[in-house]
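Presented below is the structure to which this report refers.
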Amino acid sequence: MSKIWLILLLSLSLFGADFVKWDYTHTFKLQKDEVAKISVIKKEYENQSNPEGILTFRWTLFHNELLVLLVNYEEHPTQHVLQKVYKRDAVIMSLLGDYEQLNQRVLLKLKFSDFSKDVVTVDALIYDPKKRVEVKFIDPKRKKR
1 MSKIWLILLL SLSLFGADFV KWDYTHTFKL QKDEVAKISV IKKEYENQSN
51 PEGILTFRWT LFHNELLVLL VNYEEHPTQH VLQKVYKRDA VIMSLLGDYE
101 QLNQRVLLKL KFSDFSKDVV TVDALIYDPK KRVEVKFIDP KRKKR
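Each residue of the sequence shown is one higher than the last, beginning at 1 in this note's numbering.
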């Protein structure tokens, strides 16, 4: 029974931004179909041929206060519908899923912050308790109109 309480407590602390000290943070301002990238270099796997994982994301639709976000990490595409409502405004995913304990994993949170004038603001937050990755945020190049 104590394990259930521990998991519940850890889940609350990881999913509520007020309780977590994020190791990397960046704010992306994206127009429709602009691709943002996050480079994740896994320090433990530097001797392998490709220790770098690339996460890309973009938004394709904003309608009725709902945002459609397409995320691709290491060739695994996903689609998420976000809303600026608590617990519906973010996507949390594991970048390194090698630990069974949730509080030891490297986690990414993409949080939908704002939409104005056809530009979406997405905050990228990374939790890395054991300092096992190096992260680079790559903003998209703006097209000249």
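All residues carry an ideal CB built from backbone N, CA and C; glycine is no exception.
| query | result |
| --- | --- |
| Environment of LYS109 [buried if 16+ CB atoms lie within 10 Å] | buried |
| Member of LYS141, VAL106 and ASP123 whose CA lies at the smallest distance from the CA of GLU42 | According to the sequence as given, residue 42 is Lys; it is not Glu. Of LYS141, VAL106 and ASP123, the residue nearest in Cα terms is VAL106. |
| Residue nearest to ARG132 in terms of C-alpha spacing, selected from ASP118, GLN104 and PRO140 | GLN104 |
| Residue nearest to ILE126 in terms of C-alpha spacing, selected from ASP33, LEU70 and SER39 | SER39 |
| Chain-order list of residues whose beta-carbon lies under 7 angstroms from that of LYS29 (same chain, five-residue window excluded) | VAL119 and THR121 |
| Residue range of the beta strand (DSSP E) that includes LYS147 | With the chain represented from 1 up to 145, any question about residue 147 goes unanswered, as that position is not in the structure. |
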